[in-house]
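**Q**
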Amino acid sequence: MKNLIILCYILITMAFSACKEKQSLKIAGSETMNAMMRYLGSEYENSNSDIKVIVEGGGSETGIDRLRKGEIDIAVSSRDLNQNEFDDLRKTGNLEKIRVAYDGVALVVNPKNPATKLNLNQVSDIFSGKVLNWKEVGGADAPIQIVIRNDKSGTQDYFENHILRKKDLGIPEFEKNKSNKIVSTAKIVKDNAELANFVETNPNAIGYMGMGSAIIDHKTKVKSLDYARKASDPYVTPSIRSVYDRKYRLARELFAIYKTDQGDKIDAFITFLTSEKGQESVIRSGYLRASLPEVEVSADPNHL
Numbered sequence: 033m034k035n036l037i038i039l040c041y042i043l044i045t046m047a048f049s050a051c052k053e054k055q056s057l058k059i060a061g062s063e064t065m066n067a068m069m070r071y072l073g074s075e076y077e078n079s080n081s082d083i084k085v086i087v088e089g090g091g092s093e094t095g096i097d098r099l100r101k102g103e104i105d106i107a108v109s110s111r112d113l114n115q116n117e118f119d120d121l122r123k124t125g126n127l128e129k130i131r132v133a134y135d136g137v138a139l140v141v142n143p144k145n146p147a148t149k150l151n152l153n154q155v156s157d158i159f160s161g162k163v164l165n166w167k168e169v170g171g172a173d174a175p176i177q178i179v180i181r182n183d184k185s186g187t188q189d190y191f192e193n194h195i196l197r198k199k200d201l202g203i204p205e206f207e208k209n210k211s212n213k214i215v216s217t218a219k220i221v222k223d224n225a226e227l228a229n230f231v232e233t234n235p236n237a238i239g240y241m242g243m244g245s246a247i248i249d250h251k252t253k254v255k256s257l258d259y260a261r262k263a264s265d266p267y268v269t270p271s272i273r274s275v276y277d278r279k280y281r282l283a284r285e286l287f288a289i290y291k292t293d294q295g296d297k298i299d300a301f302i303t304f305l306t307s308e309k310g311q312e313s314v315i316r317s318g319y320l321r322a323s324l325p326e327v328e329v330s331a332d333p334n335h336l
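Numbering (our numbering), first residue to last: 33 to 336.
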């Protein structure tokens, strides 16, 4: 009888544990970081069964705004905070920002496009409408169709300043070109999936997205172009190795932004992100870990 009572107690406890609702950890923001954060969330859940990690996109600006409103636990951004965002977030709690990873920005075209490489001046001229035909930059005799992300995108913010307005060629060049705008005929899409679908179905399209999205999520739909800052520089393929070696020059930091006084579940996940296990997961997801001095690029060869 005693054993039966103990067995019943164990079964009731197990049933209660199974029915216990998981805590949700909500993350939103950068489309560039979406695939990586979904993978990291899944890895975290494997050893933290009481947590459900929910990852949504929307763009860096959207994530930052949702964090300010208290709708999510962590915002992820492919650009740094501007001063207004920093000030607004500080009003709502103790703010912390960590670098999670590095990523390259890939220039993407249809897989059948014969073009293989572009330099910064060519890219700027294409997206500002000064170059209208692929034959002007080594491609076929066909009109160029530009596709871009919406203005919530951190990748777009980075691209417009560093490439379109030529900040990567130095401040004097940036000052001369800071009025450059993306041509008004560009197709605007909401996320990387829509951009990849557009490029796949439009042979003359060109766009840009985070390297991880291009070479992992959408590798069958788009082709990444080799890139050089100057025509005289070596043209380099975007990859984990080339970003780590600082040979691929279209690369930036990726951030997680959160409030430090919002509970242990956030602190525990951030600890995972910065841990050796978390940073190894960053590499496996197709990105470059944040701790560059310690990095040893040992990802799946298919990701290199």
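Think of the CB as a built atom: it goes at the ideal place given N, C-alpha and C, for glycine as much as any other residue.
#1: Specify whether the stretch 268-275 and the stretch 96-113 touch according to this definition: at least 3 beta carbon pairs, one from each stretch, less than 8 Å apart.
#2: If I follow the unbroken alpha helix (DSSP H) through residue 192, where does it start and stop?
#3: Taking only the alpha-carbon atoms, compute the straight-line gap between residue 11 and residue 252 and give it to the nearest angstrom.
#4: Counting along the chain, where does the alpha helix (DSSP H) carrying residue 134 start and finish?
#5: Among the candidates 250, 187, 213 and 216, whose CA atom is the shortest distance from the CA of residue 385?
#6: Compare the Cα-Cα distances from residue 85 to each of 301, 255, 280 and 246 and report the closest residue.
#7: Return yes when the Cβ of residue 240 is within less than 9 Å of the Cβ of residue 1, no when it is not.
#8: From 226, 312 and 305, pick the residue whose C-alpha is nearest to that of residue 90; which is it?
#9: If you draw a straight line from the alpha carbon of residue 228 to that of residue 284, how long is it in whole angstroms?
#10: Beta carbon of residue 59, beta carbon of residue 140: below 9 Å?
#11: Determine the DSSP secondary structure at residue 311, reduced to helix, strand or coil.
#12: State the Cα-Cα distance for the pair residue 176 and residue 291, rounded to the nearest angstrom.
#13: Are residue 61 and residue 135 touching if we call contact CB-CB under 9 Å?
#14: Quick one: residues in its chain with C-beta nearer than 7 Å to the C-beta of residue 274, no 5 flanking neighbours on either side, listed in chain order?
**A** On the basis of the data shown:
#1: As far as the Cβ criterion goes, the stretch 268-275 does not touch the stretch 96-113, which means the pair count is below three.
#2: Premise fails: residue 192 is in no alpha helix (DSSP H) and is neither H nor E.
#3: Not covered by the structure: residue 11. The range shown for the chain is 33 to 336.
#4: Looking at the DSSP string, residue 134 is not in any alpha helix (DSSP H); the run it does join, the beta strand (DSSP E), is 127-141.
#5: Since the first residue of the chain shown is 33 and the last is 336, residue 385 is not available in this structure.
#6: 301
#7: Nothing about residue 1 can be read from this structure; the chain reaches only from 33 to 336.
#8: 226
#9: 21 Å
#10: no
#11: helix
#12: 44 Å
#13: no
#14: 268 and 280
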